[in-house]
Structures are given as structure tokens and as C-alpha cells.
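Asker: Structure below; questions to follow.
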Amino acid sequence: MSSFFSASAADVITDRLVLRSWTPGEVAAVLSGTRPAHWAGDFPAEGDHVIAGLFGDNPAWLGEYGHRQIVERDSGLVVGSIGLFWPPADGALEIGYGIVPSRRNRGYAPEATRALTAFALTAPGVHTVCADVELSNPPSIRVLEKAGFQRSSVEPAQGTARYSVGR
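Counting from 1 along the sequence shown, just add 1235 to a position and that's the residue number in this note's numbering.
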């Protein structure tokens, strides 16, 4: 692991990634446009700005089963984010993810999605993790399929499909 980054017991660790909770300082940096040195050059993406702006209204998203930054173990750089929209609804949690363009096509999104999904399914009362994806977004559909999700429904009027995985 990079000398720039050390993992904590609360992190979810994969072969190539560390999924770690956002710190208040990192949320403030996104909102203010500050660029910490441990972020990839194209992080944060638009979706990260949106999520950071919603943390104030959704403090549980920063908890143990909430949103995390995706960190490359080799470089120590934040290259994306992934999150669970806590609390669960009837035992189901929604997941969302994004990898910055400079790090796409390396398999990071499915790797992070598999790991955080497995972690989510250990949470009390959670039996399903799901994601809604636009049918016009084949790369995101491939991420979910590679992570073991199955299509569970389609909403043609909205142009979306729901993918899910359970215990």
C-alpha cells in the first residue's frame, strides 16, 4: 500500500482498492472546490459534488454503511466514490458508484461494487442491495452484471432498469 495512505479497521479492502468513509474535511473540500493532494487529477466528478451537497441533509450516508471514497491501493489516490443510501427500505439498500474518467476500464467499479455489496449484506436487517440504472448507460449495466447483480425489473417509461442481489 502507498506510503501516502493507510487503511483503518472500518475500511473495506479489496485486492486493488480501499473503500473508506469520507471525512468532514473532504466533504468541505468538494463543496469549496479545494483540491487535496491525495485526489486523482479528475476527482471529484460531477456526481461526487451532488452527493457531497446532500450529506448535510442525509447524515446517515456518512455512517458505517454509507458513502465511501474509492482509493487505489498502489497510488493512494482517490479515484471515485461509492455509496449505500442508508437507511434500508424494507430490507433493501440502494447502491451508487462512479469512477473518474482517468481510471475507467480497469475493473475498479465492479470490484468496489462487489465488495461494498458484500459488506452491506452484513448490516442488520439488510437482505438486498439494488441499483437503478438508465438503459442508455450500458457501461453501468456491465458494472452491475460483473458485480453479480441480476435485472429484477424494467421501467420502460423512465428508461431504467433495476438490478439487485440478495443474501
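In this text, a Cβ means the ideal position worked out from N, Cα and C, and glycines have one as well.
For E1329, does the three-state DSSP call read helix, strand or coil?
Answerer: The residue given as residue 1329 occupies position 94 in the sequence shown. Reduced to three states, the DSSP call for E1329 is strand.
Asker: When the Cα of L1252 is compared with those of N1372, R1402, G1342, G1268, which residue comes out closest?
Answerer: Taking the sequence shown and counting its residues from 1, the one referred to as residue 1252 is at position 17. Among N1372, R1402, G1342, G1268, the Cα nearest to that of L1252 belongs to G1342.
Asker: Given a threshold of 16 other Cβ atoms within 10 Å of its Cβ, counted over all protein chains shown, does D1283 qualify as buried or as exposed?
Answerer: In the sequence shown, the residue the question calls residue 1283 occupies position 48. Burial call: buried.
Asker: Anyone know if the C-beta pair for V1361 and P1323 falls short of 8 Å?
Answerer: Taking the sequence shown and counting its residues from 1, the one referred to as residue 1361 is at position 126. Taking the sequence shown and counting its residues from 1, the one referred to as residue 1323 is at position 88. Yes, the pair counts as a contact, with Cβ atoms nearer than the cut-off.
Asker: For W1321 and A1347, what's the separation of their Cα atoms in angstroms?
Answerer: Within the sequence shown, the letter at position 86 stands for residue 1321. Within the sequence shown, the letter at position 112 stands for residue 1347. Their Cα atoms are separated by approximately 17 Å.
Asker: Can you give the beta carbon distance from V1364 to A1275, rounded, assuming they're within the 8 Å contact cut?
Answerer: In the sequence shown, residue 1364 corresponds to position 129, counting from 1. In the sequence shown, residue 1275 corresponds to position 40, counting from 1. That pair is no contact at about 26 Å.
Asker: In whole angstroms, give me the CA-to-CA distance for A1287 and Y1300.
Answerer: Residue mapping note: residue 1287 aligns to position 52 of the sequence shown, counting from 1. Residue mapping note: residue 1300 aligns to position 65 of the sequence shown, counting from 1. Spanning the two alpha carbons is a distance of roughly 16 Å.
Asker: What would DSSP say about L1312, mapped onto helix, strand or coil?
Answerer: Here residue 1312 corresponds to residue number 77 of the sequence shown, with the count starting at 1. Under the three-state reduction of DSSP output, L1312 falls in the coil class, being neither helix nor strand.
Asker: Under 8 Å, do G1315 and G1331 count as touching if we go by C-beta distance?
Answerer: Taking the sequence shown and counting its residues from 1, one reaches residue 1315 at position 80. Taking the sequence shown and counting its residues from 1, one reaches residue 1331 at position 96. Against a cut-off of 8 Å, the Cβ pair of G1331 and G1315 comes out as no contact.
Asker: Excluding sequence positions up to five away, which residues of its chain have a Cβ less than 6 Å from the Cβ of T1249?
Answerer: Walking along the sequence shown from the start, residue 1249 turns up at place 14. Counting only Cβ-Cβ distances below 6 Å, and skipping sequence neighbours, we find E1346, A1350.
Asker: DSSP three-state label for W1274, please.
Answerer: Along the sequence shown, one-based indexing puts residue 1274 at 39. Strand, per DSSP.
Asker: I need the DSSP call for V1335, collapsed to helix, strand or coil.
Answerer: Stepping through the sequence shown from its first residue, residue 1335 is reached at position 100. Coil at V1335, not helix or strand.
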